[in-house]
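Counting from 1, position 66 in the sequence shown corresponds to residue 130 in my numbering; the numbering is continuous, with no gaps. Note that CB positions come from ideal geometry on N, CA and C, so glycine has one too. A short write-up of the structure that comes next.
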Amino acid sequence: MLKTLKLKQKLILLAASLILIGALCFAGISYLESTQALKKQVDQNITTKFEYLYEKVNNFLQAREGVLLAEAAFAQNNLGDQKVLQRLVGQYDYLKEEYKIVDIYVGYPDGTQQSGSRRRIMDTDWKANERSWYVLAERNPDQINYTEVYADVHTGSPVVTLAKFIQKGEEKAVIAIDISLLQLGQLLDGEKLGEMGYPFILYKDGRFLVHPQYSFHFTIDRADTIFNVNQGEVKELGMNLLGNEMEMFGAAYQGREKIYLAKRIGQTDFYLVAGMDQQEFRKQMNLILVYNLFLAAIAILSFGLIVYVTLFFRRDVQK
């Protein structure tokens, strides 16, 4: 049939073929570039949101570190003086109201303790210099030390202690403040990543410190961890999140594909994690795909129409 076609018809078909090929290539390239641009935008959005959340939590902790350093400077200058206890008691209500601090206290080498809240330890065998916060600060005198998470002796709620070693001549002590982990949870309340994503905080051993679904448990064997939830579905993800910082990882959780980011918070053993559902990303990708398939379909139909008009329509008219 091609041999019987006139030169003009051949040129029309050639042009139509080139236009079709160009349109299909354009649709394909447009889809690839659009999805890459969309992925880059999504990555930027989750990174920007994550950095905002990280600064929010980190600033919260740094403010309390600043309080500890300020009180440590005063206590150090007045070690061996009743001014230390007066200062602790005088500052307690203000610090509790302004910074939501559970308690502030100073422990001494003889095992005694002075507390801003004036709480009394009923256990006669209790000694301040044997507590983890005291031992840790004495071992690392030049830094602020974070203890393991433990149950507050008075409230039973999970707390972490910030402690700093102080010394004036022969006088030594450790000053410390307690922070409730419930406060960290309040910082993240209502924070979302997209419509269905959310942030949470992991402990160094994989336990959930702050999470909308899981509660912290003091005994790790009985705790929900990122290694054992959903029959270990995200165990590998947990290892990646606690082993890397600011790298994006994809993982399926409860049947949904998600993107995750994690970073250790300051000097703590806490890791802020952000998870964003990829369903929103896929919806937008599907819209792009439909748009480009529509363009390709128009190009194919147009080519078919040109072929029909060129090869058959005129022949039918001539008959």
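Asked: Per-residue DSSP class, three states only, for Asp189; Found: coil
Asked: Contact check, Ile284 vs Leu125, beta carbons under 9 Å; Found: no
Asked: Contacting residues, own chain, Cβ-Cβ under 6 Å from Ile241 (five flanking each side not counted); Found: Leu132, Ile165, Ile168, Leu226
Asked: Secondary structure of Val293, DSSP reduced to three states; Found: helix
Asked: Reference Glu202, options Ile329, Gln150, Phe229, Thr176, closest by Cα; Found: Phe229
Asked: Which of helix, strand or coil DSSP assigns to Ala215; Found: strand
Asked: Cβ-heavy atom distance, Asp145 to the ligand NAD, below 8 Å; Found: The ligand NAD is absent from the structure shown, which contains no ligands of any kind.
Asked: Residues of its chain near Leu117, where Cβ-Cβ distance is below 8 Å and the 5 sequence neighbours each way are ignored; Found: Leu252, Glu255, Pro263, Leu336, Ala338
Asked: Under 9 Å between C-beta atoms of Ala326 and Ile239; Found: no
Asked: Spatial distance of Thr176 from Val224 (CA atoms); Found: 20 Å
Asked: First and last residue of the uninterrupted alpha helix (DSSP H) at Ala201; Found: 196-203
Asked: Tyr267 versus Ile329: straight-line alpha-carbon distance, rounded; Found: 10 Å
Asked: Burial state of Gln108, where buried means 16 or more other Cβ atoms lie within 10 Å; Found: exposed
Asked: Simplified DSSP state of Ser221, which is helix, strand or coil; Found: coil
Asked: 6 Å CB neighbourhood of Val153 in its chain, flanking five on each side removed; Found: Gly180
Asked: C-beta atoms of Glu162 and Arg151 nearer than 9 Å; Found: no
Asked: Three-state secondary structure (DSSP) of Leu306; Found: helix
Asked: Coarse secondary structure for Ala227, derived from DSSP in three states; Found: strand
Asked: Residue range of the unbroken beta strand (DSSP E) whose run includes Glu235; Found: 235-244
Asked: Ala93 in three-state terms, based on DSSP; Found: Here the sequence assigns Ile to residue 93, which means Ala is not the residue at that position. Three-state result, Ile93: helix.
Asked: Residue nearest to Gly233 in terms of C-alpha spacing, selected from Thr112, Gly144, Asp189; Found: Gly144
Asked: Three-state secondary structure assigned by DSSP to Ser366; Found: helix
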